[in-house]
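In what follows, a single structure is set out as structure tokens and then discussed.
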Amino acid sequence: MEAWRRQLDEPVAAFPVSKAGPAHIATLKTFDPPIAALEGRRFRGAERRGKRLLFPTDDGELVVLVHLMTAGRLRYVPTGGTTPKKPAFRLEFAGGSQLILTENAKKKRAGVWLLTPEAVDAELAHLGPEALGLGPERLGEIVHGESRRLHALLRDQRLIAGIGRAWANEILHSAKLSPYALSADLDDEEVTRLSVAMDSELERGLELRERGASDAETYRVHRRLGEPCHVCGTPLAQVDFEEHTIHYCPTCQTGGRVLKDRRLSRLLR
Ligand SMILES: [Zn+2]
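Start counting the sequence shown at 1292; every next residue gets the next number (my numbering).
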């Protein structure tokens, strides 16, 4: 998300919006103020809070908030560039460049909100501190604050903002911690390892994204079932936990143990 923000920061502020919309009915989540209220206004740039991108207008009156979820993609298309026929959301700028949101999925989950700055503050009030640069002390308070499976805790945006399931996989692998480990059981050394892994993995992801790397080039654990672990060579495993599929290395992370499917076991109980 930070890589997207950096990419969009300058171009979105270059020209005022000339035409707002169309938007897919499932994508645009607000109708008051109407999206046409953006027309004639210029953005100040791109900001980010956790996994949300924010585009405030330079008059300080409106903010476009975008949450891409899993399949959403946001692109700045220069004047004359090719654009999809049916984008989920489109903004056209004076001069002809466009900001385009597409979502290649049956179920539209990405969202665009047009809000006042006050409404954005209310919307984001529940977000935890940013993951990148959190540090072992703050992280220690968070992990010891409640006992949760590490994978679920890392993804909980109210506790730590900015980590999705893919990076939870990468971070836990790098920290050599089990996705099922209970957060309250972590000792100081493990908290430090987790903190270092969060920073190094998120920095690595940011750098690769800025270079335009694909998912396949970026993730070393996520969605690599059966491929050799890049550290020890053990085939990577996966397990279904709640509504997510977790990828992990049984040698590096779980002392050789294979994790049980928490979805299936609940059905069979
Ligand atoms: Zn391994």
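Even for Gly, the Cβ is constructed at its ideal location relative to N, Cα and C.
Per-residue DSSP class, three states only, for residue i
i, result
"V1549", "coil"
"H1435", "helix"
"R1560", "For R1560, the predicted model reports a pLDDT of 45, less than 50, meaning its position is unreliable; a value from the coordinates is still stated below. It is coil, neither helix nor strand."
"S1469", "coil"
"H1358", "strand"
"R1515", "coil"
"P1375", "coil"
"R1333", "coil"
"H1538", "strand"
"G1496", "helix"
Pair within 8 Å by beta-carbon distance, residue i and residue j
i, j, result
"L1550", "H1538", "no"
"G1351", "P1408", "yes"
"L1353", "R1343", "no"
"R1333", "A1311", "no"
"L1405", "T1321", "yes"
Residue i to residue j span [Cα, whole Å]
i, j, result
"D1323", "A1317", "15 Å"
"V1368", "G1453", "26 Å"
"A1379", "R1339", "20 Å"
"R1560", "F1532", "Below a pLDDT of 50, predicted positions are generally treated as unreliable, and R1560, at 45, falls in that range; no measurement from the model is reported."
"N1395", "D1479", "42 Å"
"L1359", "R1548", "35 Å"
"P1325", "S1309", "15 Å"
"V1512", "T1370", "38 Å"
"R1439", "A1472", "8 Å"
"L1468", "S1474", "10 Å"
"L1294", "D1300", "First, the amino acid is wrong: residue 1294 is Ala here, not Leu. For A1294 and D1300, the distance between alpha carbons rounds to 10 Å."
Proximity test, residue i beta-carbon vs ligand 2 heavy atom, cut-off 7 Å
i, result
"A1304", "Of the ligands this structure carries, namely ligand 1, none is ligand 2."
Integer Cβ distance of residue i from residue j, believed to fall under 8 Å
i, j, result
"R1486", "L1425", "Rather than Arg, the amino acid found at residue 1486 in this sequence is Ser. Contact holds; Cβ gap of about 7 Å."
Worksheet entry | Residues surrounding ligand 1 [beta-carbon distance to nearest heavy atom under 6 Å] | C1520, V1522, C1523, T1525, C1540, T1542, C1543
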